[in-house]
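Trainee: Dropping the structure in here first, questions after.
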Amino acid sequence: MKKINVLAIALPLAPLSVYAYRLLQKKRSAVPRKYDVFLSFSGPDTRTGFTDFLYNSLVATGLHVFRDYDSIPVGEQIGPEIIKAIKSCRIAIPIISEQYAQSKRCLRELKEIVDCQGKDGKSVFPVFYKVDVGDIHRQRVNFENTLRRPEMQTSAEEMEKWWNAFTSVAKIKGWISHTISDGHEAELVKMVVAKVSSDLKMMWIERLPTFISSVLFHFSDKKRRESNCQVFLAFCGPDTRHSLVAFLRVSFQLEGIRVFDDDDSSLIGKDIDNEIYDAINYCKISIPILSEDYASSSWCLNELVQMVECHQTKGQKILPIFYKVQSSNVRDLSGVFGQRILRHRNLVDATTYERWEQALRKVGTFKGWVSERIANGYEGELVKRVVKDVSKLVKESLYTRCPIPYTKY
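When we follow my numbering, the leftmost residue of the sequence shown carries the number 3, and every step to the right adds one.
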């Protein structure tokens with residue numbers, strides 16, 4: 003193996019540390035950092051419970067945290083102090099709870115947070131507190147009805163801005179309270195505090211060694227993603243996340259097969275749609291787990307469309323698991339599958355709906371595994387069969403990419 007002259011590469015990069023320091027000082031002077039963290043929350047839902055616990059835990063680690071002590075009446079504007087706190091904080095944590103969208107104050111804060119996201123190194127780490135992220139995308143009608151109440155009325159333009167901010171945050175990877183330790187909030191708080199503390203310690207100047215290392219080894223973020231995902235599992239969370247999917251992930255890991263995990267803590271604060279798009283694009287094999295409620299989720303259907311596109315353009319393999327459904331149900335959009343996808347017909351444009359239908363019909367014709375036909379439905383046997391077959395394909399693809407050189411003796 004050819005040796006890398008580390009000094010030859012590192013020395014020219016040394017001035018970057020000086021430049022980085024000056025740049026950081028300039029940024030700090032331009033944007034005074036009064037607060038480390040800004041908490042946005044609905045008072046009636048979480049003020050005296052989860053938010054208070056989170057606030058005190060963050061403060062206990064030495065962080066300067068802003069939270070609004072005064073309950074602003076419905077319909078009143080947020081004050082300049084709150085806007086200033088949002089603009090000057092390093093991390094904003096919107097706690098999206100059941101009544102969050104029923105508060106003008108919360109929606110105005112959220113719009114400011116989204117507007118500031120990514121500027122001056124600001125991150126947004128949402129907590130979805132006792133709400134389903136998927137529901138947020140489907141609640142446009144409820145959202146509009148709420149804003150028609152006398153105390154909530156606003157202009158159509160402002161309502162659209164609030165809705166865009168609301169759905170933008172739903173696309174950011176965060177924490178979903180009821181999926182963490184069976185809803186134990188103390189564990190959720192620990193995870194949030196650990197992530198926030200870790201990120202705040204890693205200022206840009208402190209990340210320079212990591213940056214230099216990435217240059218030294220020519221290991222870009224694109225390459226990292228490409229090498230980190232061999233298999234992409236697509237599934238409807240409520241149906242299989244804590245059962246079949248959990249067993250598959252563990253079994254794949256034991257075989258040394260890298261699987262994209264949307265629960266990966268490194269994704270917190272990132273646009274989860276982009277991360278999923280990249281994972282599907284770079285993986286070798288996609289495994290959609292087609293359960294009864296799969297077609298209820300627009301996220302699942304969009305993922306399936308992308309898988310089919312990758313199959314057609316790059317020859318990527320799609321190996322479906324027909325989980326407690328028949329392949330004919332998917333292919334013909336009959337039974338439960340037909341009922342589920344019909345719910346979307348009046349909610350999306352005709353082109354999107356047609357692409358979803360075509361993707362389902364296409365995948366319904368692919369050879370995969372029908373759960374009910376393997377060992378009388380025993381899922382442990384199904385997992386073993388899937389892992390065995392996928393392992394063989396992964397090894398074959400490695401041999402194809404890296405053929406063993408032939409040496410003549």
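Beta carbons are placed, not taken as given, at the ideal position from N, Cα and C, and that holds for glycine.
1. Please name the residue, chosen from 198, 278, 375, 271, that lies closest to residue 236 on a Cα-to-Cα basis.
2. Using only the alpha-carbon positions, how far apart do residue 57 and residue 251 sit?
3. With 16 as the cutoff for other CB atoms within 10 Å, does residue 398 come out buried or exposed?
4. Helix, strand or coil for residue 127 per DSSP?
5. Within the region 64–119, note down every full beta strand (DSSP E) run reaching 3 residues or more, in order along the chain.
6. Can you confirm whether the region 334–352 touches the region 381–396 when touching is taken to mean that 3 or more C-beta pairs between the two stretches lie within less than 8 Å?
7. Looking at the unbroken alpha helix (DSSP H) that takes in residue 376, where does it start and where does it end?
8. Near residue 412, which residues of its chain fall below 6 Å by C-beta distance, leaving aside the five closest residues on each side in sequence?
9. Could you check where the alpha helix (DSSP H) with residue 1 kicks off and where it finishes?
10. Go ahead and pull the three-state DSSP assignment for residue 270.
11. From residue 234 to residue 313, what does the alpha carbon distance come to, in whole angstroms?
12. Use the C-beta contact count for residue 4: other C-beta atoms within 10 angstroms, 16 or more gives buried, fewer gives exposed.
13. Output the boundary residues of the beta strand (DSSP E) element that contains residue 289.
14. Identify every residue that forms a DSSP beta bridge with residue 343.
15. Could you tell me how far apart the beta carbons of residue 254 and residue 231 are, in whole angstroms, since I believe they sit closer than 8 Å?
16. Using alpha carbons as the reference points, say which of 358, 299, 288, 328 lies closest to residue 317.
17. Measure the C-alpha to C-alpha separation of residue 284 and residue 319 and round it to an integer number of angstroms.
18. Please state whether DSSP places residue 362 in a helix, a strand or coil.
19. My guess is that residue 88 and residue 40 are in contact by the Cβ rule of under 8 Å, so how many angstroms apart are they, rounded?
20. Thinking C-beta only, is residue 129 closer than 8 Å to residue 97?
21. With DSSP as the reference, identify every bridge partner of residue 444, one or two as the case may be.
22. Less than 8 Å between the C-beta atoms of residue 242 and residue 291, yes or no?
23. Would DSSP call residue 138 helix, strand or coil?
24. For residue 282 versus residue 308, is the C-beta spacing smaller than 8 Å?
25. Determine the DSSP secondary structure at residue 319, reduced to helix, strand or coil.
26. Check each candidate in 55, 389, 270 and name the one with the smallest Cα separation from residue 177.
27. For residue 338, name the three-state secondary structure that DSSP assigns.
28. Return the CA-CA distance between residue 246 and residue 43, expressed in angstroms with no decimal places.
29. Could you check where the beta strand (DSSP E) with residue 39 kicks off and where it finishes?
30. Name the DSSP bridge partner or partners of residue 327?
31. Tell me which same chain residues have a C-beta within less than 6 Å of the C-beta of residue 310, skipping the five on either side of it?
32. Can you say whether residue 378 is buried or exposed, counting buried as having 16 or more other CB atoms within 10 angstroms of its CB?
33. Tell me residue 177's beta-bridge partners as DSSP assigns them.
34. Considering just the uninterrupted stretch of the alpha helix (DSSP H) at residue 265, what are its terminal residues?
35. Indicate whether residue 190 and residue 92 have their beta-carbon atoms separated by less than 8 Å.
36. Could you tell me which of 47, 38, 396, 345 sits nearest to residue 132, measuring between CA atoms?
Mentor: This is what the structure gives:
1. Among 198, 278, 375, 271, the Cα nearest to that of residue 236 is on 278.
2. Using only the alpha carbons, I get a separation of about 34 Å.
3. With fewer than 16 other beta carbons inside 10 angstroms of its own, residue 398 counts as exposed.
4. coil
5. 93–98
6. Touching, no.
7. Element bounds for residue 376: n/a, residue is neither H nor E.
8. The shown model of the chain, from 3 to 411, leaves out residue 412, and the question about it has no answer.
9. Beyond the ends of the chain as shown, which are 3 and 411, falls residue 1; an answer cannot be given.
10. DSSP places residue 270 in coil when its eight states are reduced to three.
11. 13 Å
12. With a pLDDT of 44 at residue 4, under the threshold of 50, the predicted position of this residue should be treated as unreliable, and no value is reported.
13. 287–292
14. Residue 343 is not bridged to any residue.
15. That belief does not hold up - the Cβ atoms of residue 254 and residue 231 are roughly 11 Å apart, past 8 Å.
16. 288
17. 12 Å
18. Residue state, collapsed to three classes: helix.
19. 5 Å
20. yes
21. This structure does not reach residue 444, given that the chain is present from 3 up to 411, and the question cannot be answered.
22. Yes, these two residues count as a Cβ contact at 8 Å.
23. helix
24. yes
25. Residue 319 falls in the strand class under three-state DSSP.
26. 270
27. helix
28. 34 Å
29. 39–43
30. In the DSSP output, where bridge partners are listed per residue, residue 327 has none listed.
31. 361, 364
32. exposed
33. 129
34. Element bounds for residue 265: n/a, residue is neither H nor E.
35. no
36. Out of 47, 38, 396, 345, the CA that lies nearest to the CA of residue 132 is found in 47.
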